[in-house]
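Q: Sequential numbering from 1 applies to the sequence shown in our numbering.
Quick reminder that beta carbons are idealized off the backbone N, C-alpha and C, glycines included.
All values derive from a computational prediction rather than experimental measurement.
The structure that follows is given in the form of structure tokens.
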Amino acid sequence: MRSVDIAVIGAGAAGLAFAHHLCAVPGGPSVALVEPDRTDPRRPGPRTWCYWETGPGAFDDLLTASWDHADVWSADGLRTRHPLGPSRYKMLRSDHLADAVLGRLARTPGSGRVTGTVTRVRTRPGHAEVTVEHAGASSTLRAGWVLDSRPRPQPPGGRTNLVQHFEGWFVRTERPAFDPAAPLLMDFRVPQPPGTGLAFGYLLPLDDRNALVEYTVFGRAPWPRPAYHQPLAAYLCEVLRVGDYQVTAVEAGAVPMTDAPHPRADGARHLRIGTAGGAVRPATGYSFATSQRQARATARAVAAGRPPVPPRPYPRRHLLMDAVVLRALDQGRIGPDFFTRLFRANRTANVLRFLDGTSNPAQELAVGLRSPLRPMLRSCLDLARHHLGSARAQTADPATEVP
Ligand SMILES: Cc1cc2nc3c(=O)[nH]c(=O)nc-3n(C[C@H](O)[C@H](O)[C@H](O)COP(=O)(O)OP(=O)(O)OC[C@H]3O[C@@H](n4cnc5c(N)ncnc54)[C@H](O)[C@@H]3O)c2cc1C
Numbered sequence: 001m002r003s004v005d006i007a008v009i010g011a012g013a014a015g016l017a018f019a020h021h022l023c024a025v026p027g028g029p030s031v032a033l034v035e036p037d038r039t040d041p042r043r044p045g046p047r048t049w050c051y052w053e054t055g056p057g058a059f060d061d062l063l064t065a066s067w068d069h070a071d072v073w074s075a076d077g078l079r080t081r082h083p084l085g086p087s088r089y090k091m092l093r094s095d096h097l098a099d100a101v102l103g104r105l106a107r108t109p110g111s112g113r114v115t116g117t118v119t120r121v122r123t124r125p126g127h128a129e130v131t132v133e134h135a136g137a138s139s140t141l142r143a144g145w146v147l148d149s150r151p152r153p154q155p156p157g158g159r160t161n162l163v164q165h166f167e168g169w170f171v172r173t174e175r176p177a178f179d180p181a182a183p184l185l186m187d188f189r190v191p192q193p194p195g196t197g198l199a200f201g202y203l204l205p206l207d208d209r210n211a212l213v214e215y216t217v218f219g220r221a222p223w224p225r226p227a228y229h230q231p232l233a234a235y236l237c238e239v240l241r242v243g244d245y246q247v248t249a250v251e252a253g254a255v256p257m258t259d260a261p262h263p264r265a266d267g268a269r270h271l272r273i274g275t276a277g278g279a280v281r282p283a284t285g286y287s288f289a290t291s292q293r294q295a296r297a298t299a300r301a302v303a304a305g306r307p308p309v310p311p312r313p314y315p316r317r318h319l320l321m322d323a324v325v326l327r328a329l330d331q332g333r334i335g336p337d338f339f340t341r342l343f344r345a346n347r348t349a350n351v352l353r354f355l356d357g358t359s360n361p362a363q364e365l366a367v368g369l370r371s372p373l374r375p376m377l378r379s380c381l382d383l384a385r386h387h388l389g390s391a392r393a394q395t396a397d398p399a400t401e402v403p
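Following this line, the structure appears as structure tokens:
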């Protein structure tokens, strides 16, 4: 039976972050990163991850692009350009990150990749056992700790359960059509979905003819894939007016936006990370930067001789604020104006810190005071009236029981 200090399950955004930072600890733990082979349907295809970062970052040499400004278009056609200083918005392809982290793992003594599908994790006294299946054979990996990013069903107890769902096309246009100076974070000139929810365009320019262009919806359930094609094509042709274009690659996703509490441990030595551990910010669908932050903190803990227990992904007050925003979105009390105003009325650096979960109470108060008061108050009352019990459950944190 192979034995390691830490087994990381899943080589997605979170698994790669933890493997990378744990391997960087001098004389650090042995790490096994378990990931299914390419034929396994559980393994997602290549994706694009974007995140804000101040100063140089661990993956700067892997970036596809980065920008120091970002644009927002309101529904009535007003564009505002926001300087991101002191941060940059960075775009990283998942396959580039995976190649780099797997290379580093292979060079770290005692560490490496394990190809296979995890079917079971059992906590034993003082360690855990991970059952891995591959090519019809089953093996057991013994680990001091397990950091598990396998997706799991949405936890119960959410008062509002929305989904950020989207399809994006990498397009190459015949003639120059994009401004490479700034990505378009939110473009509300797109057609809005029928019923509840809101939609926006998202555009990451690689140069003046190549870009990733997405049609994104905050709604109650994902759509069948063909349903994105008409609004996405209309966005490209009628709003962006790019002329003739070719689609060179496609990516799509559905990211949970829920105020359900995410248990962070399934056993004394079996901890959840990534989406499964609550790393997705409920009101934005972003998780990449948070997983990096948790992984760095966990590596620091290990370097100081403490157990590899990731810190809480977001402060409780952020989760409470997000619950209010989700509720207001779900009830149609806020819409495109809320987001365009968020960027227009506040210092961009504060908004970015707020969205990333790194803002302080003074910055949050400043953002809060510039938010529409009535819909937020009504949503607060909703939550308080109907779901006081689940608000208590949300603040309970099983990971605090982890030694
Ligand atoms: C297309 C797309 C684009 C996104 N873009 C951004 C973005 O720009 N910025 C941002 O912050 N967030 C983004 N998100 C949201 C979120 O950050 C990503 O979903 C991110 O990949 C979540 O990381 P994760 O590690 O939790 O899950 P994943 O990255 O999905 O990783 C889970 C891993 O577990 C593995 N796995 C599954 N089952 C098993 C098993 N039984 N045994 C072993 N391994 C298993 C899978 O193969 C996979 O590699 C995006 C999401 C999608 C879908």
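Comparing the CB of Arg-121 with every heavy atom of ligand 1, is any distance shorter than 7 angstroms?
A: Position 121 of the sequence shown, counting from 1, holds the residue named residue 121. Residue 121 is actually Val in this sequence, not Arg. No, since every heavy atom of ligand 1 falls outside the 7 angstroms radius drawn around the Cβ of Val-121.
Q: Per the DSSP calculation, Tyr-51 is bridged to which residue(s)?
A: Along the sequence shown, read from residue 1 onward, the residue named residue 51 stands at position 51. BP columns for Tyr-51 point to Lys-90.
Q: Does DSSP put Ala-11 in a helix, in a strand, or in coil?
A: As a first step, residue 11 must be located in the sequence shown, where it is residue number 11. Three-state DSSP puts Ala-11 in coil, outside helix and strand.
Q: Cα-Cα, which of Gln-363, Ile-334, Leu-352 and Ala-276 is closest to Pro-375?
A: Here residue 375 corresponds to residue number 375 of the sequence shown, with the count starting at 1. Among Gln-363, Ile-334, Leu-352 and Ala-276, the Cα nearest to that of Pro-375 is on Ile-334.
Q: For Gly-277 and Asp-148, what's the separation of their Cα atoms in angstroms?
A: Your numbering for residue 277 matches position 277 in the sequence shown. Your numbering for residue 148 matches position 148 in the sequence shown. Their backbone Cα atoms lie some 8 angstroms apart in a straight line.
Q: Is the region 134-152 touching the region 8-28, taking contact as three or more C-beta pairs under 8 angstroms?
A: A contact exists between the region 134-152 and the region 8-28.
Q: Can you tell me whether Arg-107 is buried or exposed, with buried defined as 16 or more other CB within 10 angstroms of its CB?
A: Reading the sequence shown from its first residue, position 107 is the one you call residue 107. Exposed, by the Cβ-count rule.
Q: Is it the case that the region 157-165 contacts the region 209-229, given that we only count it when at least three CB pairs across the two stretches are under 8 angstroms?
A: Touching, yes.
Q: Is it a yes or a no for the region 291-302 touching the region 330-347, going by three-plus beta-carbon pairs under 8 angstroms?
A: No: the two stretches stay apart, fewer than three of their Cβ pairs being nearer than 8 angstroms.
Q: Spatial neighbours of Gly-267 within its chain, please: C-beta separation below 6 angstroms, excluding the five flanking residues on both sides.
A: Translated into positions along the sequence shown, residue 267 becomes position 267. The residues are Thr-123.
Q: Which one of Arg-79, Glu-174 and Leu-97 has the shortest CA to CA distance from Thr-64?
A: In the sequence shown, the residue the question calls residue 64 occupies position 64. Taking only the C-alpha atoms, the option nearest Thr-64 is Leu-97.
Q: Following a CB-centred definition, is Arg-47 positioned closer than 7 angstroms to any heavy atom of ligand 1?
A: Within the sequence shown, the letter at position 47 stands for residue 47. For ligand 1, at least one heavy atom lies less than 7 angstroms from the Cβ of Arg-47.
Q: Do the region 125-134 and the region 277-290 meet, that is, are 3 or more Cβ pairs less than 8 angstroms apart?
A: No, because fewer than three Cβ pairs between the region 125-134 and the region 277-290 fall closer than 8 angstroms, the two stretches do not touch.
Q: Of all the options Pro-156, Pro-41, Glu-238 and Asp-5, which has the alpha carbon lying nearest to the alpha carbon of Gly-27?
A: For the purposes of this step, residue 27 is taken as residue 27 along the sequence shown, with counting starting at 1. If we check each option's Cα against that of Gly-27, Asp-5 comes out closest.
Q: Going by beta carbon distance, what residues of the same chain come within less than 7 angstroms of Asp-382, once the five residues before and after it are set aside?
A: Translated into the one-based positions of the sequence shown, residue 382 becomes position 382. Only Arg-327 meet the Cβ criterion.
Q: Quick one: is the Cβ of Ser-87 within less than 7 angstroms of any heavy atom of ligand 3?
A: Of the ligands one can find in the structure shown, namely ligand 1, none is ligand 3.
Q: Determine the burial state of Thr-196: buried for a count of at least 16 other Cβ atoms within 10 Å of its Cβ, exposed for fewer.
A: Your numbering for residue 196 matches position 196 in the sequence shown. Looking at its Cβ environment, which holds fewer than 16 other Cβ atoms inside 10 Å, Thr-196 is exposed.
Q: If contact is defined by three or more beta carbon pairs under 8 angstroms, each pair taking one atom from either stretch, is the region 233-243 in contact with the region 162-182?
A: Counting Cβ pairs under 8 angstroms, three or more are found: they touch.
Q: Which residue comes first and which comes last in the beta strand (DSSP E) that contains Thr-207?
A: The count along the sequence shown starts at 1 and reaches residue 207 at position 207. Position check: residue 207 holds Asp in this sequence, whereas Thr was assumed. Looking at the DSSP string, Asp-207 is not in any beta strand (DSSP E), and its letter there is neither H nor E.
Q: Looking at C-alpha atoms only, which residue of Val-242, Ala-17 and Ala-143 is the closest neighbour of Met-1?
A: In the sequence shown, counting from the first residue as 1, residue 1 sits at position 1. Ranking the options by Cα distance to Met-1, first place goes to Ala-143.
Q: Which residue's Cα is closest to the Cα of Ala-283: Phe-59, Val-247, Leu-373 and Leu-355?
A: Taking the sequence shown and counting its residues from 1, one reaches residue 283 at position 283. Measuring from the Cα of Ala-283, the nearest candidate turns out to be Leu-355.
Q: From the DSSP output, which residues share a beta bridge with Gly-253?
A: As a first step, residue 253 is located in the sequence shown; it is residue number 253 there, counting from the start. The partner list for Gly-253 (beta bridge, DSSP) reads Phe-166.
Q: Could you pull the DSSP bridge partners for Ile-6 from this structure?
A: As a working mapping, residue 6 is identified with position 6 in the sequence shown. Looking at the DSSP assignment, Ile-6 forms a beta bridge with Val-31 and Trp-145.
Q: Would you mind sorting Ala-19 into buried or exposed? The rule is 16 or more other CB atoms within 10 Å of its CB.
A: Residue numbering aside, residue 19 sits at position 19 when the sequence shown is read from its first letter. The residue is buried, with at least 16 neighbouring Cβ atoms inside 10 Å.
Q: For Tyr-228 versus Thr-173, is the C-beta spacing smaller than 8 angstroms?
A: Position 228 of the sequence shown, counted from the first residue, corresponds to residue 228. Position 173 of the sequence shown, counted from the first residue, corresponds to residue 173. The answer is no: Cβ separation not under 8 angstroms.
Q: If you count every other CB in all the chains shown that lies within 10 Å of the CB of Thr-39, and 16 or more means buried, which is it?
A: Stepping through the sequence shown from its first residue, residue 39 is reached at position 39. So Thr-39 ends up on the exposed side.
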